[in-house]
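*Asks:*
Numbering (the working numbering), first residue to last: 47 to 128.
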């Protein structure tokens, strides 16, 4: 899961919107139907790893691509990126 987060972040760094959105859509759908243990796993090992090493400009640009349910988890851990 952490490696998948790193691949998503790398695609953000490369401004590869198609890859980023496909990853985020998959994780958003998995989160919607996840039990509590799976939800925590997605939160800790995927969402908390997103944006690592990106510049503020890259973060702000990619932030708009995040589905609302993934944004909620990210903000709960790290706060808003702005």
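Yeah, the Cβ is synthetic: ideal placement off N, Cα and C, and Gly gets one too.
All of these numbers come straight from a predicted model, not from anything done at the bench.
So, residue 65 versus residue 111, is the Cβ gap smaller than 8 angstroms?
*Replies:* The residue you call residue 65 lines up with position 19 of the chain shown. The residue you call residue 111 lines up with position 65 of the chain shown. Not in contact: residue 65 and residue 111 (Cβ atoms no closer than 8 angstroms).
*Asks:* Compute the beta-carbon to beta-carbon distance between residue 59 and residue 100, rounded to the nearest angstrom, for a pair I have assumed lies under 8 angstroms.
*Replies:* As a working note, residue 59 is residue 13 in the chain shown. As a working note, residue 100 is residue 54 in the chain shown. With 8 angstroms as the limit, residue 59 and residue 100 qualify as a contact, their Cβ atoms being about 6 angstroms apart.
*Asks:* Quick check: what's the CA-CA separation for residue 47 versus residue 88?
*Replies:* Against the chain shown, residue 47 aligns to sequence position 1. Against the chain shown, residue 88 aligns to sequence position 42. For residue 47 and residue 88, the distance between alpha carbons rounds to 8 angstroms.
*Asks:* What residues in its chain sit with their C-beta under 7 angstroms from that of residue 109, if we drop five residues either side in the sequence?
*Replies:* For this step, residue 109 is matched to residue 63 along the chain shown. Once the five neighbours on either side are set aside, the close Cβ partners of residue 109 are 127.
*Asks:* Where do the N-terminal and C-terminal ends of the alpha helix (DSSP H) with residue 101 fall, by residue?
*Replies:* The residue labelled residue 101 in the question sits at position 55 within the chain shown. It is not in any alpha helix (DSSP H) - residue 101 carries neither H nor E in the DSSP assignment.
*Asks:* For a quick check, are the C-beta atoms of residue 95 and residue 57 less than 8 angstroms apart?
*Replies:* The sequence position of residue 95 within the chain shown is 49, counting from 1. The sequence position of residue 57 within the chain shown is 11, counting from 1. Cβ atoms of residue 95 and residue 57: not closer than 8 angstroms.
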